[in-house]
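Protein chains in written order, with the numbering used here: chain F, 10 to 247; chain C, 1053 to 1292; chain L, 263 to 588; chain Y, 8 to 296.
Backbone N, C-alpha and C define an ideal beta-carbon position, used for all residues, glycine too.
Take a look at the structure below.
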Amino acid sequence: MSEAHLDVRDLEVSYGGVRALNGISFSVPHNSLTAIVGANGAGKTTLVRTVAGMIRPVRGRIVFEGTDITGQDSSETCELGIGQVAEGRQIFPNLTVAENLRLGGALRRSSGSYGANRRRVFEMFPRLEERLKQKAGTLSGGEQQMLAIGRCLMSSPSFIMFDEPSLGLSPLMVEFIFATILELKKSGVTILLIEQNVAESLALAEFATVLENGEIALSGPAAEIADDDRVRKAYLGL
Amino acid sequence: MILQVRNLTKAFTGLVAVKDVSFDVAANEIVALIGPNGAGKTTCFNMIAGALKPSSGSVVLGDEMITGLMPEQIAVKGLVRTFQIVRPMRTMTVLENVMIGAFARTANVEQASEIAAESIRNVGLESKESALASGLTLPDRKMLELARAIAARPKLLLLDEVMAGLRPLETDRIVEIVRALKASGVTVLLIEHVMRVVVALADRIIVLHHGEKLAEGLPSEIGANPKVIESYLGRRAKLS
Amino acid sequence: MKRTLRPSFWPAAVFFVLAAAFGPLFDSFWLSLLTLVFFYAFMGLSWNLMMSAGLLSLGHALFLGLGAYAAAVLTASTGISPWLSIPAGAVIAALAGSAIAWIGGRFSVRGVQFAVLTIAFSELTRVLFDNWDLVGGTGGFFLKAINPDTNRPLVTLRGGPLYFYFAFLVITAAAYFVIQLLMTSRWGFRWRGINEDEDAARALGVPALRSKVLVVAISAGLAGLGGGLFGLMQGSLFPDSVMRLQLSIEILIAPIIGGIGSPFGSIVGAFFVVPLMEFSNTLSQRIGYYGLNTLIYGVVILGIIAFLPDGIWPRILRYMNLIRAA
Amino acid sequence: MATLYLNVIAGGILIGIVYALIALGLTIIFGVMRIVNFAHGEMVVIGMYVGYGLWSVTKIPPWMIAPAAALVLFVLGYALQRAIVNSFIDRPQHSQFILFISFALIITGLHLVFFGPDPRPIGMIESMQSYAIGPLHLDVVRSQAALMALAFVAALILFLQQSTFGRSIRAAADNLIGARVIGIRVHTVYSVTAGIGMGCAGAAGTLVAPIFDTQPFLATDFTLIAFIIVIVGGLGSLTGALLGGVLIGLSEALAALTISPALKTVFSYALLALVLVWRPNGLFGEQER
Chain F
10 MSEAHLDVRD
20 LEVSYGGVRA
30 LNGISFSVPH
40 NSLTAIVGAN
50 GAGKTTLVRT
60 VAGMIRPVRG
70 RIVFEGTDIT
80 GQDSSETCEL
90 GIGQVAEGRQ
100 IFPNLTVAEN
110 LRLGGALRRS
120 SGSYGANRRR
130 VFEMFPRLEE
140 RLKQKAGTLS
150 GGEQQMLAIG
160 RCLMSSPSFI
170 MFDEPSLGLS
180 PLMVEFIFAT
190 ILELKKSGVT
200 ILLIEQNVAE
210 SLALAEFATV
220 LENGEIALSG
230 PAAEIADDDR
240 VRKAYLGL
Chain C
1053 MILQVRNLTK
1063 AFTGLVAVKD
1073 VSFDVAANEI
1083 VALIGPNGAG
1093 KTTCFNMIAG
1103 ALKPSSGSVV
1113 LGDEMITGLM
1123 PEQIAVKGLV
1133 RTFQIVRPMR
1143 TMTVLENVMI
1153 GAFARTANVE
1163 QASEIAAESI
1173 RNVGLESKES
1183 ALASGLTLPD
1193 RKMLELARAI
1203 AARPKLLLLD
1213 EVMAGLRPLE
1223 TDRIVEIVRA
1233 LKASGVTVLL
1243 IEHVMRVVVA
1253 LADRIIVLHH
1263 GEKLAEGLPS
1273 EIGANPKVIE
1283 SYLGRRAKLS
Chain L
263 MKRTLRPSFW
273 PAAVFFVLAA
283 AFGPLFDSFW
293 LSLLTLVFFY
303 AFMGLSWNLM
313 MSAGLLSLGH
323 ALFLGLGAYA
333 AAVLTASTGI
343 SPWLSIPAGA
353 VIAALAGSAI
363 AWIGGRFSVR
373 GVQFAVLTIA
383 FSELTRVLFD
393 NWDLVGGTGG
403 FFLKAINPDT
413 NRPLVTLRGG
423 PLYFYFAFLV
433 ITAAAYFVIQ
443 LLMTSRWGFR
453 WRGINEDEDA
463 ARALGVPALR
473 SKVLVVAISA
483 GLAGLGGGLF
493 GLMQGSLFPD
503 SVMRLQLSIE
513 ILIAPIIGGI
523 GSPFGSIVGA
533 FFVVPLMEFS
543 NTLSQRIGYY
553 GLNTLIYGVV
563 ILGIIAFLPD
573 GIWPRILRYM
583 NLIRAA
Chain Y
8 MATLYLNVIA
18 GGILIGIVYA
28 LIALGLTIIF
38 GVMRIVNFAH
48 GEMVVIGMYV
58 GYGLWSVTKI
68 PPWMIAPAAA
78 LVLFVLGYAL
88 QRAIVNSFID
98 RPQHSQFILF
108 ISFALIITGL
118 HLVFFGPDPR
128 PIGMIESMQS
138 YAIGPLHLDV
148 VRSQAALMAL
158 AFVAALILFL
168 QQSTFGRSIR
178 AAADNLIGAR
188 VIGIRVHTVY
198 SVTAGIGMGC
208 AGAAGTLVAP
218 IFDTQPFLAT
228 DFTLIAFIIV
238 IVGGLGSLTG
248 ALLGGVLIGL
258 SEALAALTIS
268 PALKTVFSYA
278 LLALVLVWRP
288 NGLFGEQER
C-alpha cells in the first residue's frame, strides 16, 4: 500500500467554543513511528480524539488505509484498527485488571485472537498477570500505563496513537515505555506518538510534526526537526 | 520574607505526592518552581493556596500562619493563584470575570470596574473587554486568568504554567507583564516548563522531583547541577 | 458603570406601568388570571435568584408556606397589622432558607444532593405542620372573613380582585428592580462566579459560604413575603396546599421555561405557563377527561424545553435584536 | 410485645427490598449517565397499572407479571433515551430536570385519562394470608414481592458482573472517556441502561400493586422514596441502593409503629438530612467525585 496509513487534510476542530485546530494536514507512513510534539494546550489531544472519532471536526478529511473515516464514531474507528493509549491512561479504576483487558478485547475485529493477544500482553507486561484480580485503580502509575497499553493491544490494532505516555512516570519507567513502543513498531504496528517530552520523542521517531496553537509549525524527518534552531530554543531550552 | 513553607507533605492513598518540601520566598522576588510532570509542583501550589489540606507541614504568609485556611481567606490576605488548566467563567464577559478578582479589594462596583479595566489593559485584552469568556482563544484565556489574579491586587502571585501553549510572541508579552508586576512590588512564585522564560524571569529556582526538593539556587547554579540535568533537563540541555 | 451590564430599566418600567394602567379595564376573570400570573412571576423571580448561584431549590413552597402561616397566625392571634406580620413571615422564611444554605455550604452538599435536601426540609415541615394544632394541622387555618363595605385594603392588606392584582403587580415590580440591583452589585457577581466555577471564584477571594447563605436568605425571604400576601388572598391555609411538592415544582417551571438567564425571563415564563395551566384545566373540565390538563401541560413543556433550550425570553431577545439589526 | 416488633421489622425489611429495586433503577441511570430521573415514580406506577391490568384480566398473581412489566418499561426507557434523553446528556442540570418533569406530567396525565384518579385495589386471597414461622408472621404478598425483587436484583447484578454488555455499562459508569477510547458504543449503553433502570421501576410497580392500591398520585411518593434511598445509600452505588432500600423500609416500619403512621416519611427525611450532613455523598458513595 503506497499511500500513507493515515492521511489528515485541512482538519479544523473547535472544542469547548475555542478553535483548537485550524486547518492542519499531515500523514503517517505505514509502519513508521511519527511523533507530534508541542507544548500542552497546542491541540495535540484534540487531534488524537478527532482522529479516534471522539470529537467531530468542523472541516477537513481523515483517511485511514484509503477509506475516508471523517466523522465516524470511536466504536467504528476502533473496529478499523485505530488503537489509542489516551492521555491520563483512562483505565477503569473500579474494575479489575482482568476486566479492563477483557473490555479492550471485546471488539468484533479481535474476538478471534483474544487468547493470543492476552498471552502477548502478559509476555510484554508480566506484572499485569500477577495483578489480574486487583482493581486497576490500586496499580502504580507505571503499572496503569502498562494496563492502558495492554488494553489497547487486546483489540489487535494496526495503528496506535500514544497520547503523552511518559506523563508522570519515573525516568526508569519512561525508558521502559519507550522501549515497548519501539518494540511494537518493529512488530509491524504504525505508531503516532504525541509527547511533550520533545527530546525523548524526537530521538525515537523517524518523522515529526511540531504543533503550535492548533497549527503545524514544522514537519519532516525527526533528525531535521531536532536540529532546527527554533525547536531547540522553544522546546529544548538550548 | 513574604512566604515560608516548612516540611510540606501530602500523601494520597498509596502515593506520596509531596514529601517534606521547605523553601522561602523573599519580598519582591521572582522564584521559579520547576520539575518534570508529576513532580508535585501543582500539589504544592494547591496546599499553599488552601485548595488542598496538607498531610503535614506549615505555610506562613508574611507573619501569619495560613495552613489549613480556606482559599478565599488566603486570597483576601494577598496570596492569589492562577490555575494550570485555565478556568474562565464562560457565560460572563471578560470585564465581569476580572471584576470578580477586583471585588476582593473593593465592594464598590464602580471602583471594581475601573480596577478590572486597568488589569485588562495591562494584559492587552482591552479589545475583547465585553466579549464572553467562552469565545476566547487559549492565549486570551491565559491572559484573562492573569488579569483576574492581578485585579485582586495580590502581594504574592502564584502562576501555574501561565506560559504553557503560548507562542514565543505571547510568552514575551507575559514576561514583560510579570516584570512590570515585580517593579510594582508584587512577589511572584511561578511554575514553568519553558526554560527560556524561567531563565529570563527567575531570581531563584527550586527544582522538585518525585515530590521532593532536589535543588534550590540561582539559575546558573541550577543549570550546572548534575542531578538536575540528569533527572529533568535531559542530557543535552544546559542552562546558560 | 458604562461598561458593565446596564440593567434594562426602562423597558421593564414601561411594562409595569402599562400593566398597572390596564388593571381597572380587566373583568374579574382576567384579573384573577393575571393576579395568578404575577404571583407565579414573583415566586419565579425569588426562585431564580438563588438559581443564579447555581442553587437548585426543589422545596420553594416551604418558604412560601412559612411566610403564609407566619403572617396569618401572627395577625389572627396578636392582632398586629399585616404590614408587620407579612415582613415577619418573610424574616422567618429567610432564616429557614439561610439554615438550609448554611448546612448545604458547610458540609459541601452540592448539586443534586442539595436539591434533594431542600425537598427533605420542605416535606419534613409540611408533615410537621399537618400535626401542629397551633396552625390548625390538616384541618387548616382560617382567616376571619372581611366585611367588604367597611374593609380598607391598605390597612388589612386584603380586598377584592383588583386590589390583589395591584398588590402582586407592585411586589413583582419591586422584586424585579431589587434583584436587578442585586445582580449588578458585588454580591451578584459573586453569585454568578460561584455558579460558573465555585473553586475558581474562591481562589479569587469570593466567600462561598457567606454568598450562598445570603442569596438563599433573600430568595427565601421574598418567597415568604409572597406567601404572606398569597395567604391573605386565599383566606385559608392548608399544609397540603401551600407547602406541597407539586407547588414547588410549579414555581420553578415558569423561570426555566421563560429562561433563567435574566430575571425578566421569569415574568415572561409566568405569562406563558400560567394561562397554559388554566387553559388546559378548563379544556379538560369541559371535555370531561380528568387528567387531560396534566397531559397537555406536560406535552407543551416538553416541546418548549426540547426546541427552546435557553427558554422563551432569550429567544425573543435574539429575535428582537435581529429585527433591530435588519 | 417482642413478636409485634419482630413482625413489624420483618414487614419493613420485605417492603424495603422492593424499595431497593426501585432505588436500584434510579441509581444505575445516575451512575452511568449522571442524569436524575425525576419521573422514576411515574415509571413505577406504569408497572402498577400493567400489573393491575393483566391481573384483572388473567388473575395471574402480580409477582408473576413483574417480568412482563419490566419488559414494557425497558422498551419505554430505551425508546425515550434514544429519541430524546441522549440529546440532553450535555445540557445543564435544570433543563434535564424540566425534561423529566414533563415526562412525569405526561405519564400521570395519561394514567388519569385512561384509568381515572380512583384507586384500583387488587383483591386477592393471598393478601389476607401470611406464612407463620413460629412467632413470625410474614405477609404472603410482601414475601412474594420481596422474593421476586431479590430475583430481579440478582439477575441484574449477574448481568452487570458477568456479561460483556454488563461490563461495558460498568465501564461507562466508571470512566466515560475510557469507554469511548476502547470503542464502546456509548449511546447504546445509555439506552440499554435507561431501559434497565426503568425496567426495575416497572417490575417493582407490579410487585407493590397488591400492597398499595394503584392510583396515579402515588408516583410522587415513589419518586421521593427512591430519592431518599439513593441519596442515603450514595448516588450511583448499587450496594448503597440495596442497603439503603432495606434501611428506609425498616425505619419507616419502626417509625409508623413507635411514633405514628403519618410521621413515617418525616423519619425518613430526618434520616436523609442527617446522612447528607455527615457524609454528603451518601453511605456508600465515593467521597470525592
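{"Asked": "Beta-carbon spacing of Val37/F, Leu220/F below 9 angstroms", "Found": "no"}
{"Asked": "9 angstroms Cβ cutoff, Ile169/F in contact with chain Y", "Found": "no"}
{"Asked": "Any non-hydrogen atom of the ligand PLP closer than 8 angstroms to Asp395/L Cβ", "Found": "The ligand content of the structure shown is nil, which means the ligand PLP is not present either."}
{"Asked": "Under 9 angstroms between C-beta atoms of Ile114/Y and Gly560/L", "Found": "yes"}
{"Asked": "Same chain only: Cβ atoms within 7 angstroms of Leu267/L, ignoring 5 sequence neighbours per side", "Found": "Residue confidence for Leu267/L is low, a pLDDT of 47 falling below 50, so the modelled location carries little weight; the figure read from the coordinates is stated next. Closer than 7 angstroms at Cβ, skipping near neighbours: Thr446."}
{"Asked": "Residue-level contact to chain C via CB, Asn222/F, 9 angstroms cutoff", "Found": "yes"}
{"Asked": "Proximity below 9 angstroms, CB of Thr221/Y to CB of Ala76/Y", "Found": "no"}
{"Asked": "Members of the region 163-189 of chain Y that neighbour chain F once the beta carbon cut-off is set at 7 angstroms", "Found": "Thr171, Arg174, Ser175, Arg177, Ala178, Asp181, Asn182, Ile184, Gly185, Arg187, Val188 and Ile189"}
{"Asked": "Reduced DSSP category for Ala1267/C - H, G, I as helix; E, B as strand; rest coil", "Found": "strand"}
{"Asked": "Integer-rounded CB distance, given that Leu318/L should sit under 8 angstroms from Ala377/L", "Found": "4 angstroms"}
{"Asked": "Separation of Ala282/L from Arg586/L, as counted between CA atoms", "Found": "28 angstroms"}
{"Asked": "Collapsed DSSP secondary structure at Ile365/L in the structure displayed", "Found": "helix"}
{"Asked": "Touch test, the region 1150-1167 of chain C against the region 1195-1210 of chain C, Cβ-Cβ under 8 angstroms, three pairs minimum", "Found": "yes"}
{"Asked": "Sequence-distant residues of the same chain with beta carbon closer than 8 angstroms to Arg265/L, five excluded per side", "Found": "In this predicted model, Arg265/L has a pLDDT of only 42, less than 50, meaning its place in the structure is not dependable enough to derive any value."}
{"Asked": "7 angstroms Cβ cut-off: residues of chain L touching Phe291/Y", "Found": "Near Phe291/Y there are no residues of chain L at all, since even the closest Cβ is about 14 angstroms away, more than 7 angstroms."}
{"Asked": "Anticipated Cβ contact below 8 angstroms, Gly240/Y with Ala30/Y, distance rounded", "Found": "7 angstroms"}
{"Asked": "Terminal residues of the beta strand (DSSP E) in which Leu1260/C lies", "Found": "Arg1256 to His1261"}
{"Asked": "Where the beta strand (DSSP E) through Lys1071/C begins and ends", "Found": "Leu1067 to Val1077"}
{"Asked": "Residues near Glu173/F in its chain [Cβ-Cβ closer than 6 angstroms; skip 5 each side]", "Found": "Glu96"}
{"Asked": "C-beta contact flag for Arg1133/C and Phe1097/C at 9 angstroms", "Found": "yes"}
{"Asked": "Minimum Cβ-Cβ distance from Arg89/Y to chain L less than 9 angstroms", "Found": "no"}
{"Asked": "Neighbour-count burial assignment, Ser1108/C, 16 or more Cβ in a 10 Å radius", "Found": "exposed"}
{"Asked": "Proximal residues, the region 174-208 of chain F versus chain Y, C-beta separation under 9 angstroms", "Found": "none"}
{"Asked": "Beta-carbon gap between Ala230/Y and His101/Y smaller than 9 angstroms", "Found": "What sits at residue 230/Y in the sequence shown is Thr, not Ala. Cβ distance not < 9 angstroms, so Thr230/Y and His101/Y don't count as in contact."}
{"Asked": "Host beta strand (DSSP E) of Gln1056/C (start-end)", "Found": "Leu1055 to Phe1064"}
{"Asked": "Which residues DSSP lists as bridging Met170/F, in chain order", "Found": "Gln93/F and Leu201/F"}
{"Asked": "Cross-chain neighbours of Tyr302/L in chain Y, by beta carbon under 9 angstroms", "Found": "None at all; the shortest Cβ gap to chain Y is about 15 angstroms."}
{"Asked": "Bounding residues of the alpha helix (DSSP H) (the contiguous stretch that carries Val39/Y)", "Found": "Ala9 to Met40"}
{"Asked": "Integer Cβ distance of Ala330/L from Gly351/L, believed to fall under 8 angstroms", "Found": "7 angstroms"}
{"Asked": "Where Asn1059/C falls, given that 16 or more other Cβ within 10 Å makes a residue buried", "Found": "exposed"}
{"Asked": "Among Leu280/L, Gly523/L and Leu584/L, nearest to Trp453/L - alpha-carbon criterion", "Found": "Gly523/L"}
{"Asked": "Simplified DSSP assignment, three categories, for Val22/F", "Found": "strand"}
{"Asked": "Interfacial residues, the region 100-112 of chain F to chain Y, with Cβ spacing under 9 angstroms", "Found": "Ile100, Phe101, Pro102, Asn103, Leu104, Glu108, Asn109, Arg111 and Leu112"}
{"Asked": "Buried or exposed by the 16-neighbour rule on C-beta atoms within 10 Å, applied to Tyr85/Y", "Found": "buried"}
{"Asked": "Interface partners of Ser447/L on chain C, CB under 7 angstroms", "Found": "Val1161"}
{"Asked": "Three-state class that DSSP yields for Ala568/L in the structure shown", "Found": "helix"}
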